[in-house]
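J.: Heads up, the sequence shown is in this note's numbering, so the first residue is 154 and it goes up one at a time.
All C-beta atoms in this analysis are idealised placements derived from N, C-alpha and C, irrespective of residue type, glycine included.
Before I ask anything, here is the structure I am working with.
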Amino acid sequence: MVLQQCDVFSEMGFQKTVHFERRQVQRGIRDQVVILALKFGRRFYEKGGDRVFFLGRRQLPQGIAPQLADRAQGTAVVVSADGSLITTFRNPDFSKTLRHRQ
Numbered sequence: 154m155v156l157q158q159c160d161v162f163s164e165m166g167f168q169k170t171v172h173f174e175r176r177q178v179q180r181g182i183r184d185q186v187v188i189l190a191l192k193f194g195r196r197f198y199e200k201g202g203d204r205v206f207f208l209g210r211r212q213l214p215q216g217i218a219p220q221l222a223d224r225a226q227g228t229a230v231v232v233s234a235d236g237s238l239i240t241t242f243r244n245p246d247f248s249k250t251l252r253h254r255q
């Protein structure tokens, strides 16, 4: 049985917000890339309980298609404490910024 992408997010305990969906479309970030970031991304905690999942080169799973790896590298997903997906963006240098915040 093939699950719809939104079912996958629900099963993972996340829920998309309208703002998240707008930013995802504007920035051309596919659901598949968001799922990779949530599953394999490095987790950072922000003030107020928000979490940032960052998918850098080192976090990419082995055997991933090269085209998908190029699209996924540098993706960040911000999740609120209640599991709402707040926003997503791409920034290959974002891990450097996060290291300074810890």
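Quick check on THR170: buried or exposed, where buried means 16 or more other Cβ atoms within 10 Å of its Cβ?
T.: Burial call: exposed.
J.: Am I right that LEU208 and THR228 are in contact with their C-beta atoms under 8 Å? What's the rounded C-beta distance?
T.: About 5 Å separates the two Cβ atoms, so the contact holds.
J.: Assess, as a yes-or-no matter, whether the region 160-178 is touched by the region 193-202 under the definition of 3 or more beta carbon pairs within less than 8 Å.
T.: No: the two stretches stay apart, fewer than three of their Cβ pairs being nearer than 8 Å.
J.: Starting from LEU238, trace the beta strand (DSSP E) in both directions and tell me its first and last residue.
T.: From DSSP, the beta strand (DSSP E) with LEU238 extends over 237-243.
J.: Excluding the five sequence neighbours on either side, which residues of its own chain have a C-beta within less than 8 Å of the C-beta of ILE239, listed in chain order?
T.: Within the same chain, ILE239 has close Cβ partners THR170, HIS172, PHE173, ASP203, VAL231, VAL232, SER233.
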